[in-house]
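Participant: Using the numbering used here, the first residue of the sequence shown is number 211, and each one after it goes up by one.
Okay, handing you the structure first.
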Amino acid sequence: MTRRVSPIQAIRAKIDALFASDRDLVEVIEDVARLGARLINQTAEYDAWCRRDLSNVELDYLFLDASHFKMHDSSSRAEPILAAWGITCDGKPVFAGLAAAAAESTDAWHDFLTDLVARGLKPPLLIVSDGAPGLISAAEQVFPASPRQRCLVHRARNMTSKVSAGDQAEVKADYWKIFDTSELSDDLTVGQPLVDLVQRRIDAFADTWGGRYPAAVKCLLTDRQRLYKGAHRPW
Numbered sequence: 211m212t213r214r215v216s217p218i219q220a221i222r223a224k225i226d227a228l229f230a231s232d233r234d235l236v237e238v239i240e241d242v243a244r245l246g247a248r249l250i251n252q253t254a255e256y257d258a259w260c261r262r263d264l265s266n267v268e269l270d271y272l273f274l275d276a277s278h279f280k281m282h283d284s285s286s287r288a289e290p291i292l293a294a295w296g297i298t299c300d301g302k303p304v305f306a307g308l309a310a311a312a313a314e315s316t317d318a319w320h321d322f323l324t325d326l327v328a329r330g331l332k333p334p335l336l337i338v339s340d341g342a343p344g345l346i347s348a349a350e351q352v353f354p355a356s357p358r359q360r361c362l363v364h365r366a367r368n369m370t371s372k373v374s375a376g377d378q379a380e381v382k383a384d385y386w387k388i389f390d391t392s393e394l395s396d397d398l399t400v401g402q403p404l405v406d407l408v409q410r411r412i413d414a415f416a417d418t419w420g421g422r423y424p425a426a427v428k429c430l431l432t433d434r435q436r437l438y439k440g441a442h443r444p445w
């Protein structure tokens, strides 16, 4: 007999598998959102999950993102599903919250984040997000002491879209080398020295590719100080 897996168990297994892989964060949120829309919303267990206590969750990294889906047969308009997940101080993935919203506005994100805080979620060491204005505004209001970093995967995708297909693999490889800390000495693996090193690597990348792909380099340099905040791991 096939063992029945609850929607929440399916979510947890999916999150573990996604974080163990090397997939685009956008793909992660899309998979999670689909599970949320098609599975969790149909069960009373989802309501209990949405009310669960988060006071024991201590996050080093909090990821915030949204994907848009057509959720009503009567309307062709896609609506956002807001999601929050993170990495704990022990290096474990945690799916913190999922909620539908009418729009990806400051108010929607603010309500979503304040609900997490009301259930006990503590300020993370670092917030990782894309550049959505409503998300950024709400995150800075709800977690004013937590530094915010732009999502490196979003930036890579936006940048490489401005590069010819034949050069995309090389450009993407050079991009990720900017944030590679695997072979650095201990005194360069965290904090301002690492931030300074990353900024120098960004300059070197711009020198290498700026002549051939100025639009791609402009994309990289936009808000460059937000690309890396000196945490133990870049995201």
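Beta carbons are placed, not taken as given, at the ideal position from N, Cα and C, and that holds for glycine.
Report the residue from L269, E380, L326, D300 whose alpha carbon sits nearest the alpha carbon of R422.
Facilitator: Selected option, being the one with the closest Cα: E380.
Participant: Apart from the five residues just before and just after G330, which ones in its own chain have a Cβ nearer than 7 Å to its Cβ?
Facilitator: The answer, listed in chain order, is D263, L264, S265.
Participant: Sorted by chain position, which residues of the same chain lie with C-beta nearer than 6 Å to S347's C-beta, five sequence neighbours on each side aside?
Facilitator: Result list for S347: T316, in chain order.
Participant: Kindly list the residues whose CB is nearer than 8 Å to the CB of T212, restricted to its own chain and excluding five residues on each side of it in sequence; keep chain order.
Facilitator: Note that T212 scores 49 on pLDDT, short of 50, meaning its location in the model is unreliable; the coordinates nonetheless yield the value given after this. Excluding positions up to five away in sequence, the list is empty.
Participant: Run through DSSP, which three-state label would S329 get?
Facilitator: According to the sequence as given, residue 329 is Arg; it is not Ser. DSSP places R329 in coil when its eight states are reduced to three.
Participant: Rounded C-beta distance between G341 and E314? I'm assuming under 8 Å.
Facilitator: 12 Å between Cβ atoms; not a contact.
Participant: Let's see if you can read the secondary structure: which residues bound the alpha helix (DSSP H) around R358?
Facilitator: That residue, R358, is in no alpha helix (DSSP H); its beta strand (DSSP E) goes 358-360.
Participant: Below 8 Å, can you find three or more Cβ-Cβ pairs linking the region 414-430 to the region 371-386?
Facilitator: The region 414-430, when compared against the region 371-386, does touch it at the 8 Å Cβ threshold.
Participant: Locate the beta strand (DSSP E) running through L430, then write down its first and last residues.
Facilitator: From DSSP, L430 is part of no beta strand (DSSP E) but of the alpha helix (DSSP H) over 424-431.
Participant: Does the distance from the C-beta atom of L336 to that of Y271 stay below 8 Å?
Facilitator: For L336 and Y271, yes; Cβs fall inside 8 Å.
Participant: Excluding five sequence neighbours on each side, which residues of the same chain lie with their C-beta closer than 8 Å to the C-beta of K280?
Facilitator: Once the five neighbours on either side are set aside, the close Cβ partners of K280 are S286, R287, A288, E289.
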